[in-house]
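For reference, the structure discussed in these notes is given below.
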Ligand SMILES: Nc1ncnc2c1ncn2[C@@H]1O[C@H](COP(=O)(O)OP(=O)(O)OP(=O)(O)O)[C@@H](O)[C@H]1O
Ligand SMILES: Nc1ncnc2c1ncn2[C@@H]1O[C@H](COP(=O)(O)OP(=O)(O)OP(=O)(O)O)[C@@H](O)[C@H]1O
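Residue numbers (full-length UniProt numbering), protein chains in the order written: chain Z, 1 to 228; chain V, 1 to 228.
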C-alpha cells in the first residue's frame, strides 16, 4: 500500500489527507498549526505538529521513505519551492505541490515537483468545458482531436436501432455504451450513480431517455450533435 | 451560443471567464476591484466594475438574461448566498457558485445554486482517487460498481492477442480501446495528448508499452490488476 505524507492541512491538504485515509491508505499529516493537526488526527494514521521547512524534523519522520509527499502550504510560495527541492533531493518519487499562481506552478515544475495542482485554475478549465457542452454531459479528452463523450441522442435517432443508424459509416463514430437510466449524485458515497449502462449490439434501439457514450473525432461528434 | 456572466474575478473567476471566452462564448466579467477588471477586459466580451450586491447594477446589466451566472467572491460567504438567492429570484437558469467550506456549499445548495464548486475539496478528491490507483492512469466512475479505467496490461498479457486472452470470458472485462503511444502533456494547448488510440479487434496483440482502456465491474478490474 502506498504511503502518503501531507504537509500543510488547509482545505486542500486536509481533504486530500482524509480522502486518502478513508480509502485505506497510510497517511502522515503535518502542519505547524496545532489546531489543524488536532482536527485531523482521528482521521489519519499519524498527525504531527512540525515546521515543514525543518529538514531535520522531516527526516526524523522518515519523509524520504514515503511514496508520495504532498506540499500544500497556501500562500507560502518560497517555502513550497524549497521543500519540493528538498524532497527531490532525498529521493521522494511523487512530489505533489499545490500552486497558487501560474508562475508558482512553473517554478515548482522546474524544481522537480512531479504533479502541480492549481485547484482554482484546474477546476475552472474543467467546468468551462462542461458548461459549454450542454448536451455533452461528460467530456473526457482522449486523443488530440478525438474524444469519448456522453450525449443525449439527436431526436432523429429515437426508436432506431444502431444497425439502422450506421453511425460508424455515416459519422465515423463508435457507440461504446449506452446509459439506460439517468445518472444521479449519491451524496453519501459521493459517487456519481450513473444508472444502468449497457454495451449495445446492432439491434439495440435508442430511446429518448438514453445517454450515448460515443467515441470519435471531435469534428464528427460536432456534426452528429448538430442533428439535435 | 450560451451567454455567461462571471461575478468576482479571483483566480477561479478569472480563469473561468478567460476559458469560456477563449472557447468562443460571450462573457461578461464583473468585479468591484478596478484592477481585476482592467486585467481581464481584453480577454472577454465585456468587463464592468460593479458591486455584485447591487441589484440595480446587475439588472442594468440584464443579468436575468444570462444563461449562466457564476459567483466567485472568495471569503464573502454572506454576499455569495444573497446573490445566489437574487439570481434564482430573477430566473437565471444556471447559477454556479464557488464555495469555501462545506457549510457554505450546503447553504448555497439550499438557496438554489445549481452547481456548487469547492475547488480545493473537489480537486483533492479527484487526486486522491488517481494517486491510489498506481497503474490505473485515469479512473472514470461509470456505474455504481462499474468503471471505465485505463491501465497498463499485466505482464502475462504481453505479446498475446485479445482473442487468446479472452478477457470477457475470463474476467468479464471489455477492452474498449488501446493507447499505443504514451500520453504527454502539451503545455501550449494545455491538453493531454494521449498518443495514438485504436479500437482493437480479436487479433490485436498487446505490447508492453500499451495502455488498455477497459470497462467492467470494479471487482473484476481489481482481479485483473492483481495479475501484475
Ligand atoms: N512551514 C510550514 N510548516 C507546516 N505547515 C505550514 C507551514 N506553513 C504553512 N503551513 C500550514 O499550511 C496550511 C495552509 O493552508 P491555507 O489554507 O493557507 O492554504 P492552502 O492549503 O493553499 O489553501 P486551501 O485551504 O485553499 O487549500 C495551514 O494550515 C498552515 O498552518
Ligand atoms: N461585492 C463584490 N462585488 C464584486 N466583486 C467582488 C465583491 N466582493 C469581492 N469581489 C471580488 O471577488 C474576487 C474574489 O477573489 P478572491 O481571490 O478573494 O477569492 P476566490 O475567487 O474565492 O479565490 P480564488 O482566487 O481562489 O478563486 C476579488 O477579485 C474581489 O474583488
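Glycine is no exception: its CB is placed at the ideal position from the N, C-alpha and C atoms.
As assigned by DSSP and simplified to three states, the class of residue i
{"i": "residue 220/V", "result": "helix"}
{"i": "residue 90/Z", "result": "coil"}
{"i": "residue 9/Z", "result": "coil"}
{"i": "residue 37/V", "result": "helix"}
{"i": "residue 238/V", "result": "No information on residue 238/V is available, as it lies outside the stretch 1 to 228 that chain V covers here."}
{"i": "residue 31/Z", "result": "strand"}
{"i": "residue 150/V", "result": "strand"}
{"i": "residue 123/V", "result": "helix"}
{"i": "residue 26/Z", "result": "strand"}
{"i": "residue 171/V", "result": "helix"}
{"i": "residue 212/Z", "result": "strand"}
{"i": "residue 227/Z", "result": "coil"}
{"i": "residue 99/V", "result": "coil"}
{"i": "residue 132/Z", "result": "coil"}
{"i": "residue 47/V", "result": "strand"}
{"i": "residue 177/Z", "result": "strand"}
{"i": "residue 201/Z", "result": "coil"}
{"i": "residue 14/Z", "result": "helix"}
Contact belief for residue i with residue j at Cβ below 8 Å, rounded distance in angstroms
{"i": "residue 151/Z", "j": "residue 205/Z", "result": "That belief does not hold up - the Cβ atoms of residue 151/Z and residue 205/Z are roughly 17 Å apart, past 8 Å."}
{"i": "residue 73/Z", "j": "residue 52/Z", "result": "7 Å"}
{"i": "residue 221/Z", "j": "residue 130/Z", "result": "At roughly 15 Å, the Cβ-Cβ gap does not stay under 8 Å, so residue 221/Z and residue 130/Z are not in contact."}
{"i": "residue 227/V", "j": "residue 200/V", "result": "Actually they are not in contact, since the Cβ atoms of residue 227/V and residue 200/V sit about 19 Å apart, beyond 8 Å."}
{"i": "residue 21/Z", "j": "residue 45/Z", "result": "7 Å"}
{"i": "residue 71/Z", "j": "residue 48/Z", "result": "Contact flag wrong, Cβ pair sits at about 15 Å."}
{"i": "residue 6/Z", "j": "residue 37/Z", "result": "No, residue 6/Z and residue 37/Z are not in contact; Cβ-Cβ is about 11 Å, not under 8 Å."}
{"i": "residue 254/V", "j": "residue 19/Z", "result": "Limits of chain V in this structure are 1 at one end and 228 at the other, which puts residue 254/V out of reach."}
{"i": "residue 3/Z", "j": "residue 64/Z", "result": "No, residue 3/Z and residue 64/Z are not in contact; Cβ-Cβ is about 11 Å, not under 8 Å."}
{"i": "residue 272/V", "j": "residue 216/V", "result": "The question about residue 272/V has no answer, for chain V in this structure spans 1 to 228."}
{"i": "residue 108/V", "j": "residue 81/V", "result": "6 Å"}
{"i": "residue 119/Z", "j": "residue 120/V", "result": "5 Å"}
{"i": "residue 128/V", "j": "residue 23/Z", "result": "7 Å"}
{"i": "residue 132/V", "j": "residue 25/Z", "result": "6 Å"}
Three-pair Cβ contact test at 8 Å for the stretch 107-123 of chain Z versus the stretch 86-95 of chain Z: yes
Does the structure place the stretch 157-165 of chain V close enough to the stretch 196-213 of chain V that three or more beta carbon pairs sit under 8 Å? yes
Flag this pair as touching only if the stretch 164-177 of chain Z and the stretch 5-14 of chain V have three or more C-beta atom pairs under 8 Å; answer yes or no. no
Tell me the start and end of each unbroken alpha helix (DSSP H) in the stretch 51-96 of chain Z that is at least 4 residues and wholly inside, in chain order. 55-60, 77-89
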